[in-house]
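Quick notes on the structure that follows.
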Amino acid sequence: MAAAHNLEMEEDVNLNRDREMKEMLEEEKMREDRAGKDTFRLKKVHRIVSKWMLPEPVRRTYLERANCLPPPVFIISISIAELAVFIYYAVWKPQKQWITLDSGILESPFIYSPEKREEAWRFISYMLVHAGIQHVLGNLVMQLVLGIPLEMVHKGLRVGLVYLAGVIAGSLASSIFDPLKSLVGASGGVYALMGGYFMNVLVNFRGMIPAFGIIRLLLITVLIIVSDMGFALYRRFFVPANGSPVSFAAHIAGGFAGMSIGYTVFSCFDKALLKDPRFWIAIAAYLACVLFAVFFNIFLSPAN
Numbered sequence: 222m223a224a225a226h227n228l229e230m231e232e233d234v235n236l237n238r239d240r241e242m243k244e245m246l247e248e249e250k251m252r253e254d255r256a257g258k259d260t261f262r263l264k265k266v267h268r269i270v271s272k273w274m275l276p277e278p279v280r281r282t283y284l285e286r287a288n289c290l291p292p293p294v295f296i297i298s299i300s301i302a303e304l305a306v307f308i309y310y311a312v313w314k315p316q317k318q319w320i321t322l323d324s325g326i327l328e329s330p331f332i333y334s335p336e337k338r339e340e341a342w343r344f345i346s347y348m349l350v351h352a353g354i355q356h357v358l359g360n361l362v363m364q365l366v367l368g369i370p371l372e373m374v375h376k377g378l379r380v381g382l383v384y385l386a387g388v389i390a391g392s393l394a395s396s397i398f399d400p401l402k403s404l405v406g407a408s409g410g411v412y413a414l415m416g417g418y419f420m421n422v423l424v425n426f427r428g429m430i431p432a433f434g435i436i437r438l439l440l441i442t443v444l445i446i447v448s449d450m451g452f453a454l455y456r457r458f459f460v461p462a463n464g465s466p467v468s469f470a471a472h473i474a475g476g477f478a479g480m481s482i483g484y485t486v487f488s489c490f491d492k493a494l495l496k497d498p499r500f501w502i503a504i505a506a507y508l509a510c511v512l513f514a515v516f517f518n519i520f521l522s523p524a525n
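As structure tokens, this is what we get:
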């Protein structure tokens, strides 16, 4: 009897062990299937990104080393900061409204203001402040939709260089061509990304997006640019009597910065940026414009 009982116990133990082993194998298989599906989805995302962001000859290089490390931290961080500043001025400041272009925003330490040009940080920090819900959402949508794929391909340092070059170019251009007006918004940086990207599309037209994709992209972008520029022109020339006109020069200057510096940066995906003479030519031209703008602001500006 004891032997039979021991035999039954051994059989139960073996059955339990087999059941546990089977469950472990099934769980491991499920994990592998999920990992395989995740890897497949990730590779599909990278293929789509490479198709829209890179010409044909360098796509293979990107796909071989594609990863999301580091993730697109720059664009996401800038977008969160801009949204946070907008919410602060729109909700927690005394006006408590979603249109922030009034005395509250004009007194912000971030806004570019002609009479406070000696506070040099304002030439960059103005990008954090926006004039209304449509203004901030338009910039956020454009920079996230375009900036995240660009940062996946070119990484944050290069994308940040182009973005900030557009921001600085925007405020300096505004100080020259519209010297008596304030400036808010991240449009200079957004248009720099757009300018750099579209210059690459035009130069590498045959090796990038299919024709119908280009047409669709251009239509969408033209609609976005027309609506954004329309809002900027309205803020500049048709602002209500109790408001304050805001310059729109940053849009144009940011676009030109992107078409020069942005083009050279984004076209050097598989090359050392600092060894490309086009980059140094673009930087030299950009710095010359910056020095002229500084000289203008110190000695020639009507705002002096």
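Be aware that the sequence shown starts at 222, since it is given in the numbering used here, and climbs by one per residue.
For each residue, glycine too, the CB sits at the ideal point set by N, CA and C.
Source: prediction; values computed, not measured.
List the whole-angstrom C-beta distance separating F487 from G417, where the pair is believed to meet the contact cut-off of C-beta under 8 Å.
Locating residue 487 in the sequence shown gives position 266, where the first residue counts as 1. Locating residue 417 in the sequence shown gives position 196, where the first residue counts as 1. F487 to G417, Cβ: 5 Å. Contact.
Identify, in the order they occur along the chain, each residue of the same chain with its Cβ nearer than 6 Å to the Cβ of A470, setting aside the five sequence neighbours on each side.
Locating residue 470 in the sequence shown gives position 249, where the first residue counts as 1. The answer, listed in chain order, is A394, S395, F398, D399.
What does Y333 pair with, by DSSP beta-bridge criteria?
Translated into the one-based positions of the sequence shown, residue 333 becomes position 112. Per DSSP, L404.
Would you please state the rounded distance, in angstroms, between the beta carbons of P278 and G483? I believe it to be under 8 Å.
Position 57 of the sequence shown, counted from the first residue, corresponds to residue 278. Position 262 of the sequence shown, counted from the first residue, corresponds to residue 483. About 20 Å separates the two Cβ atoms, so there is no contact after all.
Between which two residues does the alpha helix (DSSP H) harbouring E340 extend?
The sequence position of residue 340 within the sequence shown is 119, counting from 1. Element bounds for E340: n/a, residue is neither H nor E.
With respect to the alpha helix (DSSP H) encompassing R427, which residues constitute its N-terminal and C-terminal limits?
Position 206 of the sequence shown holds residue 427. Neither: R427 is in no alpha helix (DSSP H) and is coded neither H nor E.
Nearest-angstrom Cβ-Cβ length linking S408 and H472, presumed shorter than 8 Å
Mapped onto the sequence shown, residue 408 falls at position 187. Mapped onto the sequence shown, residue 472 falls at position 251. Right, their Cβ atoms sit about 5 Å apart.
What did DSSP end up calling S396 once you bin it into helix, strand or coil?
As a working note, residue 396 is residue 175 in the sequence shown. Three-state DSSP puts S396 in a helix.
May I have the straight-line CA-CA distance separating L423 from Q364, to the nearest angstrom?
On the sequence shown, residue 423 is found 202 positions in, with the first residue counted as 1. On the sequence shown, residue 364 is found 143 positions in, with the first residue counted as 1. Cα to Cα, L423 sits roughly 20 Å from Q364.
Could you pull out every residue in the same chain whose Cβ sits closer than 6 Å to the Cβ of N425, ignoring the five residues on either side in sequence?
Counted from its first residue, the sequence shown places residue 425 at position 204. Around N425: P276.
On a CA-only basis, which of A386, K272, S329, L401 is nearest P523? Give me that one, please.
For the purposes of this step, residue 523 is taken as residue 302 along the sequence shown, with counting starting at 1. Checked all of A386, K272, S329, L401; the closest Cα to P523 is L401.
Given a cut-off of 8 Å, decide if G391 and G475 are closer than it, judged by their beta-carbon atoms.
As a first step, residue 475 must be located in the sequence shown, where it is residue number 254. As a first step, residue 391 must be located in the sequence shown, where it is residue number 170. Taking 8 Å as the Cβ cut-off, G475 and G391 qualify as a contacting pair.
Would P335 be called buried (16 or more neighbouring beta carbons within 10 Å of its own) or exposed?
Numbered from 1 along the sequence shown, position 114 holds the residue referred to as residue 335. That one is buried.
Exposure label - E253; buried when at least 16 CB within 10 Å:
Position 32 of the sequence shown, counted from the start, is the residue given in the question as residue 253. With a pLDDT of 49 at E253, under the threshold of 50, the modelled position of that residue is not reliable, and no figure is offered here.
Buried or exposed: where does A302 fall if 16 or more other Cβ atoms within 10 Å of its Cβ makes it buried?
Reading the sequence shown from its first residue, position 81 is the one you call residue 302. Burial call: exposed.
Give a yes or no on contact between the segment 342–350 and the segment 373–389, applying the rule of three or more CB pairs nearer than 8 Å.
yes
Same chain, Cβ closer than 6 Å to V611, five either side skipped, listed in chain order:
In this structure the chain extends from 222 to 525, so residue 611 is not present and cannot be described.
Quick check on A302: does DSSP put it in helix, strand or coil?
Position 81 of the sequence shown, counting from 1, holds the residue named residue 302. The answer is helix: DSSP assigns A302 an H, G or I state.
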